[in-house]
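Quick note on the numbering used here: the sequence shown kicks off at 6 and runs consecutively. From the three backbone atoms N, C-alpha and C, an ideal C-beta is built for every residue, glycine too. Nothing here was measured: the structure is a model prediction, and the numbers come from that model. Have a look at the structure below before the remarks.
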Amino acid sequence: MKPNKDTVSCNGGKCKMGRFRCKLVGASILLLVGLSIAAWFFLHNSDKKPTIPEEDTFSQAVILFNENKLDDAQTAFERVLSHGKNSDLPLSRMYIATLLEKKNDISNAITKFLEIAHDNSIPPVIRYVANIRAAWLSVDTAPHDDIIKMLQKLSDPSNPMYYSAQEIIGLSALKSGDIKKAKGIFEAIKKDPKAPSGVADRSQMILSNITSTYNM
């Protein structure tokens, strides 16, 4: 049985994610945009303040981002940041980090996401998403121990990003060649009734790939 190309191919203790990575990155970006928009509406509806120029600029920047006009969008988001403190700042920072990712400036994108993740003035849900994004982008190159440290704040099962963090740690273990540890992580996710269906389904696919490759 050949490994499923949509999951993770392993050979000689080394693993490649193939099209599986594309699915995960796409899903994570959609999650980022969805959470950002939801947080934006929450912040503005709860403030009940008249629209101000900075908010118009933010809305225009989001439109430019959705139209894939990345340079123009980045300029607009940076303009929002230059205006000073308001509810759009954290989301503008998230979008700038995502723009860098889409431009394949991965190193700077990771730096930006981690800065957001470590900024306690930012709402937790945005920090958590930034933390996950930084870890996803680091999983191919960072040592396994560094990935674990990066996701330490998401290690509590009550955290909404716990299962995504565990999934990344499992993939990092695969990349490092620790197949036994990875298998244990993905089995735990699969058996956990609280695990989101998407994470559980991906865990099952990876477990099937591990079984077919290593007869485990």
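- Within the segment 103–160, the complete alpha helix (DSSP H) segments at least 4 residues long are 111–122, 129–143, 149–155, listed from N- to C-terminus.
- In the three-state reduction of the DSSP assignment, residue 72 falls in the coil class, being assigned neither a helical nor a strand state.
- Judged by DSSP secondary structure, residue 181 falls within the alpha helix (DSSP H) whose first and last residues are 167–181.
- With 16 or more other CB atoms across the displayed protein chains lying within 10 angstroms of its CB, residue 168 is buried.
- DSSP, reduced to helix, strand and coil, places residue 162 outside both helices and strands of the structure shown, so it counts as coil.
- In terms of Cα proximity to residue 150, the closest of 174, 97, 116 is 174.
- With the rule of 3 Cβ pairs closer than 8 Å, the segment 189–205 counts as touching the segment 154–170.
- Here residue 139 is near residue 115, since their CB atoms are less than 7 Å apart.
- Secondary structure note for residue 206: its alpha helix (DSSP H) is the uninterrupted segment 202–219.
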